[in-house]
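By the count of my numbering, the sequence shown reaches residue 242 at its end, each step adding exactly one. Down below is the structure, laid out as structure tokens.
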Amino acid sequence: MNPGEVHAIMGPNGSGKSTLAAILAGREEYEVTEGEILFNGKDLLDLAPEERAGEGVFLAFQYPVEIPGVNTQIFLRAAVNAVRKYRGEDELDAMQFLKLVREKTKIVELSDQLLKRSVNEGFSGGEKKRAEIFQMAMLNPMLSILDETDSGLDIDALKIVANGVNALKTEANATVVITHYQRLLDYIVPDFVHVLYKGQIIQSGGKELALELEKAGYDPIKAQFAEAV
Numbered sequence: 014m015n016p017g018e019v020h021a022i023m024g025p026n027g028s029g030k031s032t033l034a035a036i037l038a039g040r041e042e043y044e045v046t047e048g049e050i051l052f053n054g055k056d057l058l059d060l061a062p063e064e065r066a067g068e069g070v071f072l073a074f075q076y077p078v079e080i081p082g083v084n085t086q087i088f089l090r091a092a093v094n095a096v097r098k099y100r101g102e103d104e105l106d107a108m109q110f111l112k113l114v115r116e117k118t119k120i121v122e123l124s125d126q127l128l129k130r131s132v133n134e135g136f137s138g139g140e141k142k143r144a145e146i147f148q149m150a151m152l153n154p155m156l157s158i159l160d161e162t163d164s165g166l167d168i169d170a171l172k173i174v175a176n177g178v179n180a181l182k183t184e185a186n187a188t189v190v191i192t193h194y195q196r197l198l199d200y201i202v203p204d205f206v207h208v209l210y211k212g213q214i215i216q217s218g219g220k221e222l223a224l225e226l227e228k229a230g231y232d233p234i235k236a237q238f239a240e241a242v
């Protein structure tokens with residue numbers, strides 16, 4: 014992947030899409046037995062999850078967890094300052110942080126009231142997903158991995174989330190969009206589409222590949238894979 018690019022990873026259920034996202038982010042329950050994950054010249058497999066975040070890797074969860082008792086703003090300020098400290102930058106004071114919050118909440122249409130509550134506690138599905146993209150905006154990662162961000166969203170919430178992702182796209186960052194359906198890609202348009210099946214990328218193409226999958230499904234590609242094996 015190169016800066017400025019959006020890559021979509023599609024595939025049937027159980028193909029390994031969420032596993033790939035978890036491994037990139039450093040989920041400890043997965044053991045990588047061979048290979049390397051190079052990111053800006055460093056092997057991510059040598060880095061702890063918090064170090065990967067410091068390097069600029071961000072994962073938006075398919076099912077964001079609730080953290081009762083942990084205030085959202087306090088959580089975010091700790092996360093932002095941890096990344097800044099890792100990079101040798103000065104930490105944001107309270108006023109600087111609030112200025113950044115006001116700037117970024119506009120991008121994802123997130124209510125100030127949600128930031129005063131515990132992380133994701135009592136949030137609707139759409140609010141949780143917007144909160145994830147808000148975290149992405151606050152942390153300003155170089156690589157954002159969106160794991161089925163469209164899951165459980167109605168069309169209005171989907172548009173808000175997609176608009177936020179698009180607003181954060183620059184020539185200096187890259188995005189991986191993991192999805193089962195083409196619908197999300199109507200709003201976050203990929204430069205490249207890859208089909209993952211049984212843990213392998215078996216086909217790649219442009220955004221037209223997503224449209225083909227929407228029409229024909231995954232069965233033709235599965236059949237080609239079976240013949241090749």
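Every residue gets a Cβ at the ideal spot worked out from N, C-alpha and C, and that includes glycine.
Residue closest to residue i, alpha-carbon to alpha-carbon, out of the options
| i | options | result |
| --- | --- | --- |
| Tyr43 | Pro62, Phe52, Pro25 and Pro233 | Pro62 |
| Val70 | Ala34, Ser28, Val83 and Val208 | Ala34 |
| Leu222 | Ile214, Leu171, Asn26 and Val208 | Val208 |
| Tyr76 | Lys141, Ala239, Leu58 and His193 | Lys141 |
| Asp106 | Ile120, Val83, Gly212 and Leu89 | Leu89 |
| Arg40 | Lys182, Ala73 and Asn53 | Ala73 |
| Glu68 | Ile22, Gly27 and Phe52 | Phe52 |
| Asn15 | Lys235, Gly212, Val121 and Thr188 | Thr188 |
| Ser164 | Lys220, Ser157 and Tyr194 | Tyr194 |
| Asp167 | Pro154, Lys182 and Arg143 | Arg143 |
| Thr162 | Asp169, Ala150, Met155 and Glu145 | Glu145 |
| Ser28 | Met149, Leu197 and Thr192 | Thr192 |
| Leu197 | Arg100, Lys172, Leu111 and Asp204 | Lys172 |
Buried/exposed call for residue i, threshold 16 Cβ in 10 Å
| i | result |
| --- | --- |
| Ile80 | exposed |
| Asp56 | exposed |
| Glu184 | exposed |
| Glu47 | exposed |
| Gly177 | buried |
| Gly24 | buried |
| Ser124 | exposed |
| Asn133 | buried |
Under the three-state DSSP convention, the category residue i falls into
| i | result |
| --- | --- |
| Ala61 | coil |
| Val78 | coil |
| Tyr210 | strand |
| Phe136 | coil |
| Leu159 | strand |
| Ile215 | strand |
| Leu72 | strand |
| Val45 | coil |
| Gln31 | Residue identity differs from the one stated: residue 31 is Ser in this sequence, not Gln. Three-state result, Ser31: helix. |
Residue i - partner residues in DSSP beta bridges
| i | result |
| --- | --- |
| His20 | Val189 and Phe205 |
| Asn84 | Ser131 |
| Asp56 | Leu51 |
Whole-Å CB distance - residue i paired with residue j, under 8 angstroms assumed
| i | j | result |
| --- | --- | --- |
| Val190 | Leu159 | 5 angstroms |
| Ile201 | Asn186 | That pair is no contact at about 13 angstroms. |
| Phe238 | Ile214 | About 11 angstroms separates the two Cβ atoms, so there is no contact after all. |
| Leu152 | Val96 | 6 angstroms |
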